[in-house]
Amino acid sequence: MAVAAEPRAAARSPADDAGFKKELVQLIPHLRAFARTLCGDATAADDLAQDAMLKAWDARASFQMGTNMKAWTFMILRNQFYSEKRRSWRQSQLDQEAAERTLVAVDDPEAPVALDELRQGLAMLPAEQREALILVGAGGFAYEEAAEICNCAVGTVKSRVSRARRALHAILEGGQYDRDGAAASDAMRSILADADRLSSVR
Amino acid sequence: MIEQRPSPERRKASAALDEARLRQQAIGVRLRQMFDEVVNEDVPEEFLEILRRADERSQGKS
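As given, the protein sequences belong to chains X and H, one line each in that order.
Under the working numbering, the residues of the first sequence are numbered 1 to 202, in order.
Under the working numbering, the residues of the second sequence are numbered 1001 to 1062, in order.
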């Protein structure tokens, strides 16, 4: 008999598991994207996302259907990331370098130059600011949800996001990122071109 | 809408504010774009395989 018996296993039906699994599968792309922002390296990110997915599956008895499963799985992934990090703190240095190269491992010649700079700019932010900005600015989470995921106060998330936005803006505009020979203003010019397009659409 | 006539200084300040806002907005668009690029990638088969095996294991247990 298994020592780690699931406490509520008896209450779970195969239908519960099937429903949970279906929802979990739909979240995989988002878990991969979030992991990529944390790890940088695409392979390490997928390992992390797979671990988180399995952890979520194993813990399914403790998840309340109908509550926010995306936030719940992101929290698992984040915890997993930081517990692994504690075991190998040296990794953070590598992460930083990898993040600068491969936050998105796609080389689209059509993609404007600023995407590359944005990646580098993000890599320069403190980890806590970066994750807050990613969750709120890209992951579509409310401040309250991001606070839950990061296990901190809502006000803390808000200030991290706003600091991250300001820092990123300054980095992109000031050209503090490290890119051999590229003009500092290229990124901002390209972003402004976007801004023009945005304003003409609206 | 009612036409307002702000002073030149005021207009300049609000233009700068608008520009800052637009820049932030553009950064936000980029950020989502970057995240969505990964979201829109095909999920490696491995993920589904791992989940399938885990599901089988738990069914075998019960």
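Even for Gly, the Cβ is constructed at its ideal location relative to N, Cα and C.
**Item:** LEU48/X vs GLU84/X beta-carbon contact at 9 Å
**Value:** yes
**Asked** Any idea if GLY139/X is buried or exposed, counting beta-carbon neighbours within 10 angstroms, 16 or more meaning buried?
**Response** So GLY139/X counts as buried.
**Asked** Going by the beta-carbon positions, is the gap between PRO29/X and VAL1043/H smaller than 9 Å?
**Response** Contact: yes.
**Prompt:** Based on Cα-Cα distance, which residue from LEU38/X, GLN120/X, VAL136/X and LEU133/X lies nearest to GLN80/X?
**Reply:** LEU38/X
**Request:** Can you give me, in chain order, the residues of the segment 1035 to 1060 of chain H that have a beta carbon less than 8 Å from any beta carbon in chain X?
**Result:** PHE1035, ASP1036, GLU1037, VAL1038, VAL1039, ASN1040, GLU1041, VAL1043, PRO1044, GLU1046, PHE1047, LEU1048, ILE1050, LEU1051, ALA1054, ASP1055, SER1058 and GLN1059
**Asked** Between the segment 122 to 140 of chain X and chain H, which residues of the former have CB atoms less than 9 Å from a CB of the latter, in chain order?
**Response** LEU122, LEU133, ILE134, GLY137, ALA138, GLY139 and GLY140
**Request:** Please name the residues in the segment 1021 to 1034 of chain H whose beta-carbon is closer than 8 Å to at least one beta-carbon of chain X, in chain order.
**Result:** Only LEU1022, ARG1023, GLN1024, GLN1025, ALA1026, ILE1027, GLY1028, VAL1029, ARG1030, LEU1031, ARG1032, GLN1033 and MET1034 from the segment 1021 to 1034 of chain H bring a Cβ to less than 8 Å from some Cβ of chain X.
**Request:** Answer with buried or exposed for MET65/X, where buried requires no fewer than 16 other C-beta atoms within 10 angstroms of its C-beta.
**Result:** exposed
**Item:** Extent of the continuous alpha helix (DSSP H) to which GLU173/X belongs
**Value:** 154 to 174
**Asked** Which term fits GLU117/X, buried or exposed, when burial requires 16 or more other beta carbons within 10 angstroms of its beta carbon?
**Response** buried
**Request:** In angstroms with no decimal places, state the Cα-to-Cα distance between ASP108/X and ASN1040/H.
**Result:** Bear in mind that the predicted position of ASP108/X carries a pLDDT of just 48, short of 50, making it too unreliable to give a figure here.
**Prompt:** What is the rounded straight-line gap between the Cα of MET75/X and the Cα of ALA1013/H?
**Reply:** When rounded, the distance between both Cα atoms is 42 Å.
**Item:** Endpoints, alpha helix (DSSP H) assigned at GLY139/X
**Value:** Here GLY139/X belongs to no alpha helix (DSSP H), and DSSP marks it neither H nor E.
**Message:** Cutting at 8 Å between CB atoms, please list the residues of its own chain near VAL104/X, excluding the five before and the five after it.
**Reply:** For VAL104/X, the pLDDT reaches just 44, beneath the cut-off of 50, and the residue's location in the model is therefore unreliable, leaving the point undetermined.
**Request:** Closer than 8 Å by beta-carbon distance: list the chain H residues that pair up with GLN50/X, in chain order.
**Result:** GLU1046, PHE1047 and ILE1050
**Asked** Can you tell me whether GLN50/X is buried or exposed, with buried defined as 16 or more other CB within 10 angstroms of its CB?
**Response** The residue in question, GLN50/X, is buried, as its Cβ has 16 or more Cβ neighbours within 10 Å.
**Prompt:** Tell me which same chain residues have a C-beta within less than 6 Å of the C-beta of VAL136/X, skipping the five on either side of it?
**Reply:** ALA146 and VAL161
**Prompt:** Apart from the five residues just before and just after ALA44/X, which ones in its own chain have a Cβ nearer than 6 Å to its Cβ?
**Reply:** none
**Request:** Taking all protein chains shown into account, decide if THR203/X is buried (16 or more other Cβ within 10 angstroms of its Cβ) or exposed.
**Result:** A question about residue 203/X goes unanswered here, because the residues of chain X that appear run from 1 up to 202.
**Item:** Within-9 Å CB hit, ALA71/X to chain H
**Value:** Closer than 9 Å: no.
**Message:** 9 Å is my cut-off, CB to CB: does LEU77/X come that close to chain H?
**Reply:** no
**Item:** Host alpha helix (DSSP H) of GLN1025/H (start-end)
**Value:** 1008 to 1039
**Prompt:** Can you tell which of LEU27/X, LEU168/X and ASP17/X has the C-alpha that lies nearest to the C-alpha of LEU125/X?
**Reply:** Checked all of LEU27/X, LEU168/X and ASP17/X; the closest Cα to LEU125/X is LEU168/X.
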